[in-house]
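Visitor:
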Ligand SMILES: [Fe+2]
Ligand SMILES: [Fe+2]
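Numbering (the working numbering), first residue to last: 6 to 173.
(1) Near residue 44, which residues of its chain fall below 7 Å by C-beta distance, leaving aside the five closest residues on each side in sequence?
(2) Give me every residue whose Cβ sits closer than 6 Å to any heavy atom of ligand 1, in chain order.
(3) Answer yes or no: do residue 102 and residue 132 have a C-beta to C-beta separation smaller than 8 Å?
(4) Apply the 10 Å Cβ neighbour rule to residue 70 and answer buried if 16 or more other Cβ atoms are within range, or exposed otherwise.
(5) Expressed to the nearest angstrom, what Euclidean distance is found between the alpha-carbon atoms of residue 16 and residue 153?
(6) With 16 as the cutoff for other CB atoms within 10 Å, does residue 82 come out buried or exposed?
(7) Is it buried or exposed, residue 118, if we count other Cβ atoms within 10 angstroms and call 16 or more buried?
(8) Compare the beta carbon distance of residue 27 and residue 106 with 8 Å and say whether it is the shorter of the two.
(9) Confirm, please, whether the CB-CB distance from residue 125 to residue 148 is below 8 Å.
(10) Following a CB-centred definition, is residue 94 positioned closer than 7 Å to any heavy atom of ligand 2?
(11) Just to confirm the assignment: which complete alpha helix (DSSP H) runs, minimum length 4, are found wholly within the stretch 62-133?
(12) On the premise that residue 62 lies in contact with residue 22, defined as a C-beta separation below 8 Å, what is that separation, rounded to the nearest angstrom?
(13) Flag residue 162 as yes when its Cβ comes closer than 7 Å to any non-hydrogen atom of ligand 2, and as no otherwise.
(14) Please report how far the alpha carbon of residue 138 lies from the alpha carbon of residue 10, in whole angstroms.
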């Protein structure tokens, strides 16, 4: 059984993961409107992955006898200045989520809640991956600068992402 404090914190994380799914779906729609089909596809898969993260927390809360409390999801923004800005914001968002996971881990340690610590370890590792992936894309944008050809190539490359690659 988890503490009330831990239960509340995990429920907040469920909301954050759903918001991430919402944010990335909105980014996917933005890319589609800019005819960047590859980036749109990449973000759509990213959104699905975030939905799966939310379900992982949901399943864990139920498994340890806690109560799931779903709350309203904030509306994400719908437009950006450039494709590069979208990925920069995605990176900042992942850094925010990493901090949030680390705060959860701090609480689990403080409470000697070993099951939650063990559960959260997967997310600690996953966030390292997530930040690294998005950082690489931001680096690619910095390399191509204003090159339209570079943007076209990067869109093609990101469009080759498959759901299998995103699986845990
Ligand atoms: Fe996530
Ligand atoms: Fe993520």
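Even for Gly, the Cβ is constructed at its ideal location relative to N, Cα and C.
Guide: In short, the structure shows the following:
(1) 36, 88, 160 and 163
(2) Per the Cβ criterion, the list is 22, 25, 55, 58 and 102.
(3) yes
(4) exposed
(5) 43 Å
(6) exposed
(7) buried
(8) no
(9) no
(10) no
(11) 88-115
(12) 6 Å
(13) no
(14) Their backbone Cα atoms lie some 32 Å apart in a straight line.
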